[in-house]
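Engineer: Dropping a structure here in structure tokens format, bear with me for questions.
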Amino acid sequence: MPTSNGATRPDDYVAARHAMVRDQLESRGITDVGVLQAMRDVPRHLFVAPEWQSEAYSDRPLPIGAGQTISQPYMVAMMIELLRLPGQARVLEVGTGSGYQAAVLSRLAAQVYSMEYFPALAEHARVLLKRLGYTNIEVCAGDGGAGLPQYAPYDGIIVPAAAPRLPQPLIAQLGIGRRLVIPVGEATAQELLIVVKHDVSYTIERSIPCRFVPLRGKEGWSAQD
Ligand code: SAH
Numbered sequence: 035m036p037t038s039n040g041a042t043r044p045d046d047y048v049a050a051r052h053a054m055v056r057d058q059l060e061s062r063g064i065t066d067v068g069v070l071q072a073m074r075d076v077p078r079h080l081f082v083a084p085e086w087q088s089e090a091y092s093d094r095p096l097p098i099g100a101g102q103t104i105s106q107p108y109m110v111a112m113m114i115e116l117l118r119l120p121g122q123a124r125v126l127e128v129g130t131g132s133g134y135q136a137a138v139l140s141r142l143a144a145q146v147y148s149m150e151y152f153p154a155l156a157e158h159a160r161v162l163l164k165r166l167g168y169t170n171i172e173v174c175a176g177d178g179g180a181g182l183p184q185y186a187p188y189d190g191i192i193v194p195a196a197a198p199r200l201p202q203p204l205i206a207q208l209g210i211g212r213r214l215v216i217p218v219g220e221a222t223a224q225e226l227l228i229v230v231k232h233d234v235s236y237t238i239e240r241s242i243p244c245r246f247v248p249l250r251g252k253e254g255w256s257a258q259d
């Protein structure tokens, strides 16, 4: 039976998850206790195919089908920490993929809206998240570069896919004082940016170099579609 932390029952990977948090996250400077606890709780191995489960807690992204990847644990934790979510937050994720990052976010937010470009991935994640007992995540198939204006403004927007430029619709859907975390740059190398929304303007903070799968659709590299 699902429990409140989304796990179906105590699993064989608890020790691996604790080691992942200690060796990959705390050792690299992730300090947000909520993020660390969520990463200890969410069963990452259930978000990859059976043949990848033994690798689920390794320090790397893994394939999830449709040419997409579940992000490296450190990148998931860092991006969420950078959001600096307030209590009772409503969050938008652009790029559901496996649903793993949405599951971690759901432990820290009141409601998560997650958009996925590939309908098959969206459906897979929707079914899995429901089966694991996550009730505060809504997965929507579609081009997330346009955001989800009907639920805006958001207390945080996270984009685990690389954009050629800042998607203005997402900045428009951010609440005042809230943050958008997104990799921006070339197709093969980007920089993680934090956009902080002010009254009418916004400021940009730069974080680390990174490499994500490309954002598709209108705000992405639509020539690939
Ligand atoms: N957060 C995911 C990993 C994301 S990988 C996880 O935890 O597994 C990036 C995802 O973004 C891919 O699934 C890709 O299909 C999706 N994506 C790319 N462009 C998109 C767009 N314009 N709208 C919504 N999703 C998009």
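Be aware that the sequence shown starts at 35, since it is given in the working numbering, and climbs by one per residue. Glycine included, every Cβ here is placed at the ideal spot set by N, Cα and C. As the structure is a computational prediction, the values presented were derived from the model and not from experiment.
What did DSSP end up calling arginine 212 once you bin it into helix, strand or coil?
Structural biologist: Note: arginine 212 maps to strand in three-state DSSP.
Engineer: Would DSSP call tyrosine 188 helix, strand or coil?
Structural biologist: Note: tyrosine 188 maps to strand in three-state DSSP.
Engineer: For a test of your reading of the model: does the CB of aspartate 57 fall under 7 Å from any non-hydrogen atom of ligand 1? Yes or no.
Structural biologist: Answer for aspartate 57: no, Cβ out of range of ligand 1.
Engineer: Spatial neighbours of glycine 176 within its chain, please: C-beta separation below 7 Å, excluding the five flanking residues on both sides.
Structural biologist: So the list reads Met149, once near-sequence residues are dropped.
Engineer: Closest to methionine 112 by C-alpha separation, out of Ser256, Pro243, Glu253 and Lys252, would be which residue?
Structural biologist: The candidate whose alpha carbon is nearest that of methionine 112 is Pro243.
Engineer: What does the alpha-carbon distance come out to for the pair glycine 40 and tyrosine 47?
Structural biologist: In this prediction, glycine 40 scores a pLDDT of 48, lower than 50, which makes its location untrustworthy; the coordinate-derived value is nonetheless stated afterwards. Distance between the alpha carbons of glycine 40 and tyrosine 47 is about 14 Å.
Engineer: Could you name the residues of the same chain whose beta carbon sits closer than 6 Å to that of glutamate 60, not counting the 5 residues immediately before and after it, in chain order?
Structural biologist: No residues qualify anywhere along the chain.
Engineer: The beta strand (DSSP E) spanning alanine 175 covers which residue range?
Structural biologist: Per DSSP, alanine 175 belongs to the beta strand (DSSP E) from 171-175.
Engineer: Give the secondary structure of isoleucine 260 by DSSP, where H, G and I count as helix, E and B as strand, and everything else as coil.
Structural biologist: There is simply no residue 260 to check, as the chain begins at 35 and stops at 259 in what is shown.
Engineer: Spell out the partners DSSP gives proline 217 in its beta bridges.
Structural biologist: Paired residues: Leu226.
Engineer: Please find out if some non-hydrogen atom of ligand 1 comes closer than 7 Å to the beta-carbon of leucine 249.
Structural biologist: Because some heavy atom of ligand 1 lies under 7 Å away, the Cβ of leucine 249 counts as near it: yes.
Engineer: Return helix, strand or coil for arginine 72, following the three-state DSSP convention.
Structural biologist: Per the sequence shown, residue 72 should be read as alanine rather than arginine. Residue state, collapsed to three classes: helix.
Engineer: Is there at least one non-hydrogen atom of ligand 1 closer than 7 Å to the beta-carbon of alanine 195?
Structural biologist: At least one heavy atom of ligand 1 is nearer than 7 Å to the Cβ of alanine 195, so yes.
Engineer: Residues in the same chain with beta-carbon distance under 8 Å from alanine 154, minus the five sequence neighbours each way, listed in chain order, please.
Structural biologist: Cβ neighbours of alanine 154 beyond the five flanking positions: Gly99 and Ala100.
Engineer: For arginine 141, which residues from the same chain have a beta carbon less than 6 Å from its beta carbon, with the 5 sequence-adjacent residues on both sides left out?
Structural biologist: These residues qualify, in order along the chain: Ala72.
Engineer: For the candidate residues Gln224, Val230, Gln184 and Gly209, whose alpha-carbon lies nearest to that of alanine 123?
Structural biologist: Ranking the options by Cα distance to alanine 123, first place goes to Gly209.
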